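Student: Right, I'll just put the structure down here and ask away after.
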Amino acid sequence: MSKNSCDTSELPRVIVFDLDGTLWNPEMYQLSGGAPFCPDEKNPNIMIDRSGTRVCLIGETRNVLQDLILNPQWKDTYFAISSTCDFPEWAASLLELYKFKNAEGKSVPMGSLFSDLKEIYYAGKDEQHRRILKKVRQIDNSVTDFSQMLFFDNQRNNISAVSKLGVACCYCPDGLVPGTFQKGLDLWRKNYLASL
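Following this note's numbering from start to finish, the sequence shown increments by one per residue and tops out at 616.
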């Protein structure tokens, strides 16, 4: 079954993304300049730090996030960030600078997709997921369990820690390259159906 033909009951209720190495490269600790960043004049997938280093959205990141914003099949799904990046303020700046289109065609910051479900600080990813689920439960009591979540990360240690909670975890060592998002959805469906 393709992603576009999914029944919304077959979709995760919470999708969580890592940032560094999953949605963009390089990782924040690898930058020699850091903030302030400025947009590349020709490519909306690139921001440039103060030393001239390019931070690029990886693979299908733009297409996936744009679909999550616009496609009505995602109306009952919450989106979150779980990141242990070394410079959270730089990540926050990039989340404001990368722009996407909302349903009205207006430009909105990437960070708006994740509302207040942004856990960007040094801590275990398992703890960050506990906080995300707690926040979602406070606004939607139909989200009750880690099995309703899907997580994308490029580091095995994070995948290992979060999977122990019962979250379906998609290991993506090269980030959100083409096919990764669908692979994650297929994995979530398999895990979720097995948990019923």
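Yeah, the Cβ is synthetic: ideal placement off N, Cα and C, and Gly gets one too. Fair warning: this is a prediction, and the values are worked out from it, not measured in the lab.
1) Take the Cβ of L570 as the centre, count every other Cβ of all protein chains shown within 10 Å, and call the residue buried at 16 or more, exposed below.
2) What number of angstroms, rounded off, separates the C-alpha of I435 from the C-alpha of K462?
3) If you draw a straight line from the C-alpha of I466 to the C-alpha of D460, how long is it?
4) Between the Cα of T481 and the Cα atoms of V582, F601, I552, E509, which residue gives the shortest distance?
5) Do you know offhand how far F572's Cα is from C592's?
6) Using the beta-carbon count (16 or more within 10 Å), is A581 buried or exposed?
7) Below 8 Å, how does it come out for the stretch 442-454 and the stretch 469-478: are there three or more Cβ pairs, yes or no?
8) Less than 7 Å between C-beta atoms, sequence neighbours within five positions excluded: which residues of the same chain meet that for I579?
9) Counting pairs of Cβ atoms below 8 Å between the stretch 498-510 and the stretch 519-526, do you hit three or more?
10) If you measure between the beta carbons of A523 and L490, is that distance less than 7 Å?
11) List the endpoints of the continuous beta strand (DSSP E) containing D573.
12) If we ignore side chains and look at the alpha-carbon of each, how far apart do R576 and C458 end up?
13) Span of the alpha helix (DSSP H) holding Y612?
14) Can we count I478 as close to the ligand ZN, meaning its CB is less than 6 Å from some heavy atom?
15) Take T442 and list the residues in its own chain whose beta-carbon comes closer than 8 Å to its own, dropping the five residues that flank it on each side.
16) Leaving aside the five residues before and after F566 along the sequence, list all residues of the same chain whose C-beta is less than 6 Å from its C-beta, in chain order.
17) Out of R551, E547, V475, which has the shortest C-alpha to C-alpha gap to P446?
18) R470 lies in the beta strand (DSSP E); which residues open and close that run?
Tutor: For this structure:
1) buried
2) Distance from the CA of I435 to the CA of K462, rounded to the nearest whole angstrom, comes to 30 Å.
3) Whole-angstrom Cα-Cα distance: 6 Å.
4) F601
5) 7 Å
6) buried
7) Flag = yes, the stretch 442-454 and the stretch 469-478 touch.
8) D573, C589, Y591
9) no
10) yes
11) 569-573
12) 32 Å
13) Taken as a continuous stretch (DSSP letters only), the alpha helix (DSSP H) holding Y612 covers 600-615.
14) The ligand ZN is not part of this structure, which contains no ligands at all.
15) I478, F572, D573, N574, C592, G595, L596
16) L585, G586, V587
17) V475
18) Per DSSP, R470 belongs to no beta strand (DSSP E) and is neither H nor E.
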